[in-house]
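K.L.:
Using this note's numbering, you'd call the opening residue of the sequence shown number 1 and step up by one each time. Dumping the structure here so I can ask a few things about it.
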Amino acid sequence: LTQEQVKILPVDYEIEYICRGSRIIVGPKVRKCLHNGTWTDMNQISRCCRCRHCSIKKLYIGALFPMSGGWPGGQACLPAAQMALDLVNNRTDILPDYELELIHYDSMCDPGEATKLLYDLLYTEPIKIVLMPGCSSVSTLVAEAARMWNLIVFSYGSSSPALSNRQRFPTFFRTHPSATLHNPTRVRLFQKWGWTKIATIQQTTEVFTSTLDDLEERVKEAGIEISVRQSFLTDPAVAVKNLKRQDARIIVGLFYETEARKVFCEVFKEKLYGKKYVWFLIGWYADNWFKIKDPAINCTVENMTEAVEGHVTTEIVMLNPETVRGASNLTSQEFLAQLMSRLGGKNPEETGGFQEAPLAYDAVWALALALNRTVAPLRAKGWALEDFNYNNKEITAEIYRALNTSSFEGVSGHVVFDAQGSRMAWTLIEQLQVHIFKIFFVKVVFEKKKDYDCNNCDIISTTQFYFCKLVFYCSQSN
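Following this line, the structure appears as structure tokens:
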């Protein structure tokens with residue numbers, strides 16, 4: 001309005017906003033005309049919106065996704081988590097009065113970097129209701145500190161057995177099972193093929209040390225000897241030479257993917273591979289981990305491919321093999337198709353965390369379903385989720401109880417946690433055969449069965465050992 005127009009208006013001239021139907025005003029409902037020709041509250045927007053969206057309250061998840069480092073799992077796990085958040089936030093039957101929002105940083109799978117980021121998450125608004133770290137070394141740091149802020153910690157990629165310690169990590173949950181889950185399977189394989197002596201080589205970090213300590217106890221009970229035990233911090237050359245010098249044949253290797261390339265470059269140089277040797281490795285590396293260009297090694301792709309041929313891996317079943325629609329109303333294959341679309345054409349074999357992406361997706365769903373179950377009991381006590389702060393132990397206790405009783409079908413399979421907050425799952429055993437990983441056994445670890453038959457499996461023989469290649473799920477016997 002011009003000054004002349006303002007002069008002819010009444011002093012109390014104003015505009016009132018009215019919305020049609022059930023919509024309500026967000027922002028100033030009335031604007032008054034001032035003598036200088038301007039309106040009041042011009043720095044605020046007035047809009048009409050549906051009641052549900054107007055009254056929505058945000059709950060914040062503080063997440064650490066490693067986009068680089070020893071396990072760059074955030075490359076696929078972050079898009080998977082965001083997929084889950086989008087679906088949850090669009091559901092009217094799950095947290096209808098809330099919206100979950102992810103505040104995330106790149107931890108680089110480095111506890112030092114994670115320390116700085118954790119400080120930012122805790123001391124920068126808004127308040128986070130849950131923390132969600134990735135790799136084990138970072139989860140150890142976060143979960144140990146979280147108790148001081150009454151925070152639940154929910155990891156999608158941590159396998160360290162140490163994290164199962166409820167006294168040390170009282171509020172920790174994970175959709176990735178403990179690495180010790182594989183040890184009974186390894187021992188059974190040693191027994192099946194009559195091996196009485198094994199060797200080990202590990203990277204010196206807590207996750208691998210605690211896994212190996214557990215394996216040592218189990219093989220001792222089974223009458224199997226660890227004749228050689230080698231470790232390294234960053235350079236495995238001496239450790240690999242010692243394995244060769246002491247004539248190790250059956251070797252369990254525990255290390256991150258970047259170190260695995262260093263180890264097998266040395267394995268190639270020492271000729272510690274072939275029909276006389278069996279290597280047992282971790283199964284959560286990228287499928288083509290040995291082909292990835294790495295300036296830290298001086299071996300060719302051909303050298304690496306030759307050295308890794310025939311190695312055996314153990315890992316949990318991370319993708320539901322059955323065509324079922326679970327909590328998110330997606331089958332595992334539909335999830336993969338949508339994830340591939342999110343990744344924008346990236347090669348899954350070169351994308352860190354692609355195998356673990358279903359675990360990140362199901363972690364968000366487990367959290368959303370648990371938070372949803374806390375709404376009624378909190379209301380009965382006069383609380384609400386938005387009342388959470390770092391001193392409120394009652395809300396934390398309700399979230400803990402809800403997570404502890406979680407049970408639903410996810411894209412990674414049935415999601416349920418043990419008393420230590422660890423995921424219970426199936427074990428998958430694979431062998432690299434002519435550059436392709438082949439499944440030869442699946443073991444259901446949360447069924448209390450004594451044995452597992454593989455009577456209808458194909459036998460793949462070498463001069464040293466035999467494998468069952470699974471063409472369907474092995475039957476169980478009492």
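The C-beta atom is built at its ideal place from N, Cα and C for all residues, glycine as well. It should be emphasised that the depicted structure is a prediction, and the values quoted were computed from it without experimental measurement.
Pairs of beta-carbons, one from the stretch 280-295 and one from the stretch 225-233, closer than 8 angstroms: are there three or more?
P.N.:
With the cut-off at 8 angstroms, the stretch 280-295 and the stretch 225-233 do not touch.
K.L.:
By alpha-carbon positions, which one of 223, 221, 363, 241 ends up nearest to residue 229?
P.N.:
Ranking the options by Cα distance to residue 229, first place goes to 241.
K.L.:
Could you give the uninterrupted runs of the alpha helix (DSSP H) lying entirely in the stretch 59-105, keeping only those of 4 residues or more?
P.N.:
The qualifying runs are 74-89.
K.L.:
Closest to residue 25 by C-alpha separation, out of 55, 14, 39, would be which residue?
P.N.:
For the residues 55, 14, 39, the minimum Cα distance to residue 25 belongs to 55.
K.L.:
Is the beta carbon of residue 133 less than 8 angstroms from the beta carbon of residue 155?
P.N.:
Yes, these two residues count as a Cβ contact at 8 angstroms.
K.L.:
Using the beta-carbon count (16 or more within 10 Å), is residue 443 buried or exposed?
P.N.:
With a pLDDT of 44 at residue 443, under the threshold of 50, the modelled position of this residue cannot be trusted, and the question is left open.
K.L.:
In three-state DSSP terms, what is residue 248?
P.N.:
Note: residue 248 maps to coil in three-state DSSP.
K.L.:
Would you call the stretch 319-335 and the stretch 296-307 touching, i.e. three or more CB-CB distances under 8 angstroms?
P.N.:
Too few Cβ pairs lie closer than 8 angstroms, so no.
K.L.:
Could you name the residues of the same chain whose beta carbon sits closer than 8 angstroms to that of residue 39, not counting the 5 residues immediately before and after it, in chain order?
P.N.:
The answer, listed in chain order, is 15, 31, 32, 33.
K.L.:
If you follow the beta strand (DSSP E) that residue 144 is in, where does it begin and where does it stop?
P.N.:
That residue, residue 144, is in no beta strand (DSSP E); its alpha helix (DSSP H) goes 136-146.
K.L.:
Applying the criterion that 16 or more other CB atoms from any shown protein chain within 10 Å of the CB defines a buried residue, is residue 455 buried or exposed?
P.N.:
Residue placement at residue 455 is poorly supported in this model, since its pLDDT is 41, which falls under 50; the coordinates are not used for a value here.
K.L.:
Out of 308, 76, 116, 171, which one is the CA nearest neighbour of residue 346?
P.N.:
Among 308, 76, 116, 171, the Cα nearest to that of residue 346 is on 76.
K.L.:
Leaving out five residues on either side along the sequence, give the residues of the same chain with a beta carbon under 7 angstroms from the beta carbon of residue 19.
P.N.:
Contacts found: 25, 48.
K.L.:
Grab me the residues of residue 270's own chain with a C-beta within less than 7 angstroms of its C-beta, minus the 5 sequence neighbours each way, in chain order.
P.N.:
So the qualifying residues of the chain are 240, 241, 244.
K.L.:
Helix, strand or coil for residue 19? Go by DSSP, reduced to three states.
P.N.:
It is coil, neither helix nor strand.
K.L.:
Excluding the 5 residues flanking residue 165 on each side, which residues of the same chain have their C-beta closer than 8 angstroms to its C-beta?
P.N.:
420, listed in sequence order.
K.L.:
If you follow the alpha helix (DSSP H) that residue 209 is in, where does it begin and where does it stop?
P.N.:
Here the alpha helix (DSSP H) through residue 209 covers 206-221.
K.L.:
Specify the secondary structure class of residue 40 as computed by DSSP and reduced to three states.
P.N.:
Correct three-state label for residue 40: coil.
K.L.:
Sorted by chain position, which residues of the same chain lie with C-beta nearer than 6 angstroms to residue 183's C-beta, five sequence neighbours on each side aside?
P.N.:
For residue 183, where only same-chain residues beyond five positions count, the Cβ hits under 6 angstroms are 214, 215, 218.
K.L.:
Could you give the first and the last residue of the continuous beta strand (DSSP E) run that contains residue 131?
P.N.:
Element bounds for residue 131: 128-132.
K.L.:
Helix, strand or coil for residue 342, going by three-state DSSP, please let me know.
P.N.:
The answer is helix: DSSP assigns residue 342 an H, G or I state.
K.L.:
In terms of residue numbering, what span does the beta strand (DSSP E) encompassing residue 121 cover?
P.N.:
From DSSP, residue 121 is part of no beta strand (DSSP E) but of the alpha helix (DSSP H) over 111-123.
K.L.:
Which complete alpha helix (DSSP H) runs does the stretch 262-340 hold, if anything under 4 residues is left out?
P.N.:
DSSP runs (the alpha helix (DSSP H)) wholly in the stretch 262-340: 301-308.
K.L.:
Determine the closest residue to residue 83 out of 429, 59, 359, with distance taken between C-alpha atoms.
P.N.:
Closest option to residue 83, Cα to Cα, is 359.
K.L.:
Can you give the beta carbon distance from residue 149 to residue 390, rounded, assuming they're within the 8 angstroms contact cut?
P.N.:
Contact flag correct, Cβ pair sits at about 4 angstroms.
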